[in-house]
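There are 2 protein chains.
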Amino acid sequence: MKIDALTFDVFGTVTDWRSTIIYEGKQLQRDNKSLGIDWPDFASEWRSGYLEGTQEIQRGNREWMTIDELHLVTLRKLLSRFGVTDLNEQEICDFNRVWHRLQPWPEAVQGLHRLKEKFVIAALSNGNLSLLTHMAKNARLPWDCILSSEFAGTYKPAPQVYEKAAELLGMSPSQIMMVAAHEQDLRGAQAVGFRTAFVYRPMEFGPHKQSDHHVSGFDVVATDFIDLAYQLNA
Amino acid sequence: MKIDALTFDVFGTVTDWRSTIIYEGKQLQRDNKSLGIDWPDFASEWRSGYLEGTQEIQRGNREWMTIDELHLVTLRKLLSRFGVTDLNEQEICDFNRVWHRLQPWPEAVQGLHRLKEKFVIAALSNGNLSLLTHMAKNARLPWDCILSSEFAGTYKPAPQVYEKAAELLGMSPSQIMMVAAHEQDLRGAQAVGFRTAFVYRPMEFGPHKQSDHHVSGFDVVATDFIDLAYQLNA
Numbered sequence: 001m002k003i004d005a006l007t008f009d010v011f012g013t014v015t016d017w018r019s020t021i022i023y024e025g026k027q028l029q030r031d032n033k034s035l036g037i038d039w040p041d042f043a044s045e046w047r048s049g050y051l052e053g054t055q056e057i058q059r060g061n062r063e064w065m066t067i068d069e070l071h072l073v074t075l076r077k078l079l080s081r082f083g084v085t086d087l088n089e090q091e092i093c094d095f096n097r098v099w100h101r102l103q104p105w106p107e108a109v110q111g112l113h114r115l116k117e118k119f120v121i122a123a124l125s126n127g128n129l130s131l132l133t134h135m136a137k138n139a140r141l142p143w144d145c146i147l148s149s150e151f152a153g154t155y156k157p158a159p160q161v162y163e164k165a166a167e168l169l170g171m172s173p174s175q176i177m178m179v180a181a182h183e184q185d186l187r188g189a190q191a192v193g194f195r196t197a198f199v200y201r202p203m204e205f206g207p208h209k210q211s212d213h214h215v216s217g218f219d220v221v222a223t224d225f226i227d228l229a230y231q232l233n234a
Numbered sequence: 235m236k237i238d239a240l241t242f243d244v245f246g247t248v249t250d251w252r253s254t255i256i257y258e259g260k261q262l263q264r265d266n267k268s269l270g271i272d273w274p275d276f277a278s279e280w281r282s283g284y285l286e287g288t289q290e291i292q293r294g295n296r297e298w299m300t301i302d303e304l305h306l307v308t309l310r311k312l313l314s315r316f317g318v319t320d321l322n323e324q325e326i327c328d329f330n331r332v333w334h335r336l337q338p339w340p341e342a343v344q345g346l347h348r349l350k351e352k353f354v355i356a357a358l359s360n361g362n363l364s365l366l367t368h369m370a371k372n373a374r375l376p377w378d379c380i381l382s383s384e385f386a387g388t389y390k391p392a393p394q395v396y397e398k399a400a401e402l403l404g405m406s407p408s409q410i411m412m413v414a415a416h417e418q419d420l421r422g423a424q425a426v427g428f429r430t431a432f433v434y435r436p437m438e439f440g441p442h443k444q445s446d447h448h449v450s451g452f453d454v455v456a457t458d459f460i461d462l463a464y465q466l467n468a
């Protein structure tokens, strides 16, 4: 197994969307906005809206839109459903960009630096390039380059996304290892010939909801990025 | 003038293609390969082949090929013209990748780090993404993201390249400043509404050949990236 590049899922694998949304939601409350919202529930619903949206687009049942656009559509629905009426347009658009400000899991940046010494490391996310760029800048994620589903015009786990990534990296799929906390993403990558590394992120959905676990059939299963670096001799 | 991102030309503006090619050419000689070649001349000719090729593709007179491919086509012609017959296929392909290993101008990396504190900094080059990724990794160029003409399917100074870059950055052209040592590149960016910064690189073509100078009509004219950072208050 000769790996030259690692491509990373981002939402949930590198960054902790749930905690960041809860944190920023509570900040709004401190500004006397959106009082009484169940932010953990809000975060889950926002993420679910993203998953449904990308699946519909990937299956051709919905027109292409970027993740920023999809997040905004979902956010407006949720604000209405949760009875939030005290945010103006500017505040809504700013809150939508919380996804640009997601915080990394505690060991993620250190792990990426280690892996970068040995491999090309690239984001390969459904997020649009500008979102991923701002996130990397804010969280200091040391990507060698950023790849987005946007380049393929559809969303993971569609094969075109992984194929486009391999083409842009100038590598054959077997030289690339997809790293993700989500089984479905890794199955998609595997289907086009990528190597795969599953990373456990047991807290992705919070303490009361199961994340993917008991996985099998992947080249590497790691507890976090430091363990991944160790297993890949990086 | 409110600038949020700087997009950089790479070959000649950030990295010194001529010196790197001459240096690696002389390394070949030390290995008793390709003796007696005029490497400065070889470097100039290789660069000229690139310029002609991209112009033909940009004008629709030639089928799309990546810069790696175009460099290889040109390299084979030059090896033949310069009478080099002692390189095997592996050595030719490796030498073609000298463009992945270009060295930065002396102050470039430090300047980019300063500019990165204030702006999104992105490569915007005719080079293909994999070339630019390897170059950034090798020369430690701290890009926030890498943008390539490859995403637009044509080459600078075609307007589509700059338009695609603005779309991917999620910004209007007026929020972006193109940085280049080449007047033609800046005129192309200006035509779609980018701000422009000309940076002098008097040694790009060597001591005996003129690089672009006496320029006017750009928002900033800088002697190097440190001066650019100073002028942009970064």
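Sequence lines, in order, name chains A and B. Residue numbers for the first sequence follow our numbering, beginning at 1 and rising by one. Residue numbers for the second sequence follow our numbering, beginning at 235 and rising by one. Heads up, the beta-carbon is just placed ideally off N, CA and C, and yes, glycines get one too.
- Residues Arg195, Thr196 of the same chain have their beta carbon placed closer than 6 Å to that of Asp219(A), with the five preceding and five following residues left out of the count.
- Residue environment analysis places Gln175(A) among the buried positions, since at least 16 neighbouring C-beta atoms fall within 10 angstroms of its C-beta.
- Neighbours of Val120(A) in chain B, taken as residues whose beta carbon is under 8 Å from its own, are Thr367, His368, Lys371 in chain order.
- Under DSSP, the beta-bridge partners assigned to Val455(B) are Phe432(B).
- Around the CB of Lys164(A), 16 or more other CB atoms lie within 10 Å, so the residue is classed as buried.
- Residue state for Val332(B) is assigned as helix, using DSSP reduced to three classes.
- DSSP places Phe276(B) inside the alpha helix (DSSP H), whose first and last residues are 273-292.
- For Leu147(A), the secondary structure class from DSSP, reduced to helix, strand or coil, is strand.
- Of all alpha-carbon atoms in Thr254(B), Val354(B), Ile271(B), the one lying nearest the alpha-carbon of Leu381(B) is that of Val354(B).
- Only residues of its own chain outside the window of five on either side were considered, and among them Asp458, Phe459, Ile460 have a CB closer than 8 Å to the CB of Glu341(B), listed in chain order.
- Taking C-beta separations shorter than 6 Å and ignoring five residues to either side along the sequence, the partners of Tyr200(A) in its chain run Thr223, following chain order.
- For the segment 403-416 of chain B, the set of residues with a beta-carbon nearer than 9 Å to any beta-carbon of chain A comprises Leu403, Gly404, Met405, in chain order.
- Taking a beta-carbon distance threshold of 8 Å, Ser130(A) counts as an interface residue toward chain B.
- Beta-bridge partners assigned by DSSP to Ser253(B): none are found.
- In the three-state DSSP reduction, Ile460(B) falls in the helix class (H, G or I).
- DSSP, reduced to helix, strand and coil, places Ser445(B) outside both helices and strands of the structure shown, so it counts as coil.
- Between Thr308(B) and Trp333(B), the C-beta spacing is not below 8 Å.
- In chain A, no part has a C-beta under 7 Å from the C-beta of Ile460(B); the shortest such distance is about 21 Å.
- For the alpha helix (DSSP H) assignment, the uninterrupted runs of no fewer than 4 residues enclosed by the segment 382-421 of chain B are, from N- to C-terminal side, 393-403.
- Residue environment for Gly317(B): exposed (fewer than 16 other C-beta atoms within 10 angstroms of its C-beta).
- According to the DSSP assignment, Val354(B) belongs to the beta strand (DSSP E) that extends over 354-359.
- Listed in chain order, the positions of the segment 9-35 of chain A with a beta carbon within less than 7 Å of a beta carbon of chain B would be empty, since no residue qualifies.
- Assignment of Leu132(A) by DSSP, reduced to helix, strand and coil, places it in the helix class.
- Counting C-beta pairs closer than 8 Å gives three or more between the segment 416-429 of chain B and the segment 386-396 of chain B, which meets the contact rule.
- Judged by beta-carbon spacing, Asp250(B) lies within the 8 Å limit of Trp339(B), meaning their Cβ atoms are closer than that value.
- Contact of Phe276(B) with chain A by beta-carbon distance below 8 Å is absent, the smallest such distance being about 24 Å.
- Between Gly345(B) and Leu462(B), the C-beta spacing is below 8 Å.
- Counting the other Cβ atoms within 10 Å of the Cβ of Asp265(B) gives fewer than 16, which makes it exposed.
- Listed in chain order, the non-local C-beta contacts of Ala414(B) below 6 Å within the same chain comprise Asp243, Thr247, Leu420, local neighbours out to five positions each way being set aside.
- If you draw a straight line from the Cα of Val221(A) to the Cα of Met1(A), it is about 15 Å long.
- Between the C-alpha atoms of Gln27(A) and Lys443(B) there is a straight-line separation of about 59 Å.
- Here DSSP, grouped into helix, strand and coil, assigns Thr308(B) to helix.
- Leu336(B) is not a Cβ neighbour of Thr241(B), given a cutoff of 8 Å.
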